[in-house]
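Engineer: Chains as they are written, first to last, in the numbering used here: chain A, 121 to 333; chain B, 10 to 336. Where is the CB? At the ideal position from N, CA and C, for every residue including glycine. Sharing a structure with you now.
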C-alpha cells in the first residue's frame, strides 16, 4: 500500500476542511495550526497531510508529490489545471474574485473597448484573461499581498482580489465594481495517480463526496 | 566557461546510452518482425506541412526558425506521427494496409512536465488503411509487448474512446463553442463546471454528460455505460470496440470514458500505458482516421508512440556493457 498525500494550506482552507476531514476519517494526529511540521500524520496510516502555501497546492498535486489536494478555485484558475482532475466542489472557503476601485473612480468609463487600465493583483493569468475577453488593455502589476493599498497610493487604477465580507475594501475606501468568479475550494486529484492508484483513491474521493453532500 | 546545457536538455552518458541503444534495436527488430517498415522523416519541415491537421498544443511545442534558403518558416518536429501520416498519405499512396514504424529525436519548445527532457527520442508504430478493431487490437498488443521488452514493472493501460463524447455532442446538435467548453470540463473531470454547462440541455444528454466523469475503472465500467448511456449507434460501436480490447489486453486494463486526450485529431480508441517509476503515461496511442485528409488522402490510421529515454530509465533492462579499451 502506498502513502497518499493530501496537499492543503493552513488558514481558512484547513479550518473549514477540518470537519470534512473528520467525517472522512482523516483527522490529523496533531493540530496543523500549532505544529511546525509540514507533513502531518492522520488517523489513517496510509494518508498524510502535506501543508503547503495555498497557491502551491495545484503544483504539488500536478507533479504527483501529493495524489490529492484541496485548492481554491481562484488558485486553480491561475494555475490552469494541467495534469489535474477537479471532481468535487467542497463548498468551503467561499468568497468572490472581484475587480475593485477607489470610491469615485469611473470604472465604466475606464473599461471602454480599447481603453488602458493599470491593475494590481496576484492573479495575473486570470486578470489578463478577464480583461482580454472584454477587449480592454491592462498593464498588470504583480503584488503578493495588501492589494488594497495599490489604488490608494497611485500604483494602480484597480485591483483584482478575493473578497468575502468586503470589510477590508470598505475600510480602505474601495468598492467592488465587477465580479470575475465565485470562489470555493475544490478537491483536486493527480490525473496519473487516479489511473494507477484508483483502488486507494476512489474510496477517499467517494468519502469526500458523501461528506460534502 | 562552464559549458552549461540549455534547460531540460542533457547529455546521455555511456551507461544510459548503451541501455537506450539496446532497447532501440530490440524494439525496431520487434517492429520489423511484425511487418512494420521503417521510415525516417526529416528533423525539420516547413511549418504548414509539419502542423497540418494537428492541434494547437503541437504548435506551441514546436521550435520555429526561418529557412535562409527560401525565407519560409520551418519547425523542428515535436512529434513524428503527423510526419509518418504525411508519408503514408502523400508519398507512398499504396492501396490497402501499410504498416510503418519510426525512431528519432524530437524537440519540445516547452518541456511536457517539470522533470521532462525537451529532447525525447520518440519510437512508435502505425497502421494505415484499416478501420477495423483488429488494427486497434494489434497496436495495443504491440505496445504491451514493447513494455515487456523493456522489462518495466507494474505495466497497465488506460483505454478510452473519443466517440463516446462525440456521439453525445452530435446527437444533441451542440455548436462548436459549447462542445469546446464541455470538452475542457470533461478533461479535468470538473463536475461543478459540467453541472453549469449542461444546464438547459435535454435531460438525456445532460444525465449522460454528467455520468461520463464517473465512468472510469475496470471492465465493469463498460457494462455500466451500456446500461446507462443513451442507445446511440456510434456509442454502441465504441463500447463494443472497448469490450473487444478489454477481453484481449495482455496487461491489466482500465477504462476512462471521459478520457479525450488528442480529441481534436483522434477519432476512436485512445490509450495511455503506465508503469512504475514514470509519473505520467509511458506510452500513448490511439486511432486518428482523418489526419491524412489534409495531405490529400483520408486514411484510417492507428498507432502508438513511446519516449525511448523514459522507457529505458523505467525498465529493468540489464546494462549492456561495452569493453573499454585501455591503450
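Output the boundary residues of the alpha helix (DSSP H) element that contains residue 192(B).
Structural biologist: Residue 192(B) -> alpha helix (DSSP H) spans 185 to 196.
Engineer: Considering residue 296(B), what are the terminal residues of the beta strand (DSSP E) in which it resides?
Structural biologist: From DSSP, the beta strand (DSSP E) with residue 296(B) extends over 292 to 296.
Engineer: For residue 69(B), count the other beta carbons within 10 Å of its own beta carbon; 16 or more makes it buried, fewer makes it exposed. Which is it?
Structural biologist: Residue 69(B) should be labelled exposed.
Engineer: Residue 126(B) by DSSP, collapsed to three states: which one?
Structural biologist: Of the three classes helix, strand and coil, the one that applies to residue 126(B) here is coil, per DSSP.
Engineer: Please confirm if the segment 214 to 228 of chain A is in contact with the segment 273 to 287 of chain A, defined as three or more CB-CB distances below 8 Å between the two stretches.
Structural biologist: Contact between the segment 214 to 228 of chain A and the segment 273 to 287 of chain A is present, because at least three Cβ pairs lie under 8 Å.
Engineer: Do residue 59(B) and residue 320(B) have their CB atoms nearer than 9 Å?
Structural biologist: It is not a contact, given that the beta carbons lie outside the stated cut-off.
Engineer: Bridge partners for residue 312(A) per DSSP, in chain order?
Structural biologist: BP columns for residue 312(A) are empty, so no partner.
Engineer: Is it buried or exposed, residue 300(B), if we count other Cβ atoms within 10 angstroms and call 16 or more buried?
Structural biologist: When all chains shown are included, residue 300(B) counts as buried.
Engineer: Mind checking residue 96(B): buried by the 16 CB within 10 Å criterion, or exposed?
Structural biologist: The residue in question, residue 96(B), is buried, as its Cβ has 16 or more Cβ neighbours within 10 Å.
Engineer: What number of angstroms, rounded off, separates the C-alpha of residue 310(A) from the C-alpha of residue 101(B)?
Structural biologist: Using only the alpha carbons, I get a separation of about 42 Å.
Engineer: Does DSSP classify residue 75(B) as helix, strand or coil?
Structural biologist: DSSP places residue 75(B) in strand when its eight states are reduced to three.
Engineer: Evaluate residue 2(B) with the Cβ neighbour count: other Cβ atoms within 10 Å of its Cβ, from every protein chain shown; 16 or more gives buried, anything less gives exposed.
Structural biologist: The structure shown does not extend to residue 2(B), since chain B is modelled only from 10 through 336, so no value can be given for it.
Engineer: Is it the case that the segment 150 to 164 of chain B contacts the segment 36 to 55 of chain B, given that we only count it when at least three CB pairs across the two stretches are under 8 Å?
Structural biologist: Yes, the segment 36 to 55 of chain B is in contact with the segment 150 to 164 of chain B.
Engineer: Determine the burial state of residue 78(B): buried for a count of at least 16 other Cβ atoms within 10 Å of its Cβ, exposed for fewer.
Structural biologist: With fewer than 16 other Cβ atoms within 10 Å, it is exposed.
Engineer: Would you mind working out which of 303(A), 211(A), 266(A) and 293(A) sits nearest residue 85(A), comparing C-alpha positions?
Structural biologist: Outside the shown range of chain A, which is 121 to 333, sits residue 85(A), and nothing can be said about it.
Engineer: How many whole angstroms separate the CB atoms of residue 207(A) and residue 196(A), which I take to be in contact at a CB cut-off of 8 Å?
Structural biologist: In fact, because the Cβ distance is near 12 Å, the residues do not count as touching under 8 Å.
Engineer: Which full runs of the alpha helix (DSSP H) of 4+ residues lie inside the segment 245 to 292 of chain A, going along the chain?
Structural biologist: Runs of the alpha helix (DSSP H) inside the segment 245 to 292 of chain A: 269 to 272 and 287 to 291.
Engineer: With a threshold of 9 Å between beta carbons, is residue 316(A) in contact with chain B?
Structural biologist: Judged by the 9 Å Cβ criterion, residue 316(A) is in contact with chain B.
Engineer: If you draw a straight line from the C-alpha of residue 138(B) to the C-alpha of residue 294(B), how long is it?
Structural biologist: Their backbone Cα atoms lie some 17 Å apart in a straight line.
Engineer: Once DSSP output is grouped into helix, strand and coil, what is the label at residue 149(B)?
Structural biologist: DSSP places residue 149(B) in helix when its eight states are reduced to three.
Engineer: Apply the 10 Å Cβ neighbour rule to residue 18(B) and answer buried if 16 or more other Cβ atoms are within range, or exposed otherwise.
Structural biologist: Exposed, since its Cβ has fewer than 16 Cβ neighbours within 10 Å.
Engineer: Grab me the residues of residue 213(B)'s own chain with a C-beta within less than 7 Å of its C-beta, minus the 5 sequence neighbours each way, in chain order.
Structural biologist: Only 239 meet the Cβ criterion.
Engineer: If the cut-off is 9 Å on Cβ atoms, which residues from the segment 153 to 176 of chain B count as contacting chain A, listed in chain order?
Structural biologist: So the list reads 163, 165 and 167, given in the order they occur along the chain.
Engineer: By the three-class DSSP mapping on this structure, what secondary structure does residue 70(B) have?
Structural biologist: Here residue 70(B) sits in helix by DSSP.
Engineer: Residue 185(A) to residue 125(A), Cα distance in whole Å?
Structural biologist: Computed Cα separation, rounded: 7 Å.
Engineer: Do residue 227(B) and residue 247(B) have their beta-carbon atoms positioned less than 9 Å apart in this structure?
Structural biologist: For residue 247(B) and residue 227(B), no; Cβs fall outside 9 Å.
Engineer: What's the C-alpha gap between residue 268(B) and residue 270(A)?
Structural biologist: Their backbone Cα atoms lie some 44 Å apart in a straight line.
Engineer: By alpha-carbon positions, which one of 84(B), 270(B) and 195(B) ends up nearest to residue 72(B)?
Structural biologist: Comparing Cα positions, the closest option is 84(B).
Engineer: Cutting at 7 Å between CB atoms, please list the residues of its own chain near residue 146(A), excluding the five before and the five after it.
Structural biologist: Once the five neighbours on either side are set aside, the close Cβ partners of residue 146(A) are 162, 163, 164 and 167.
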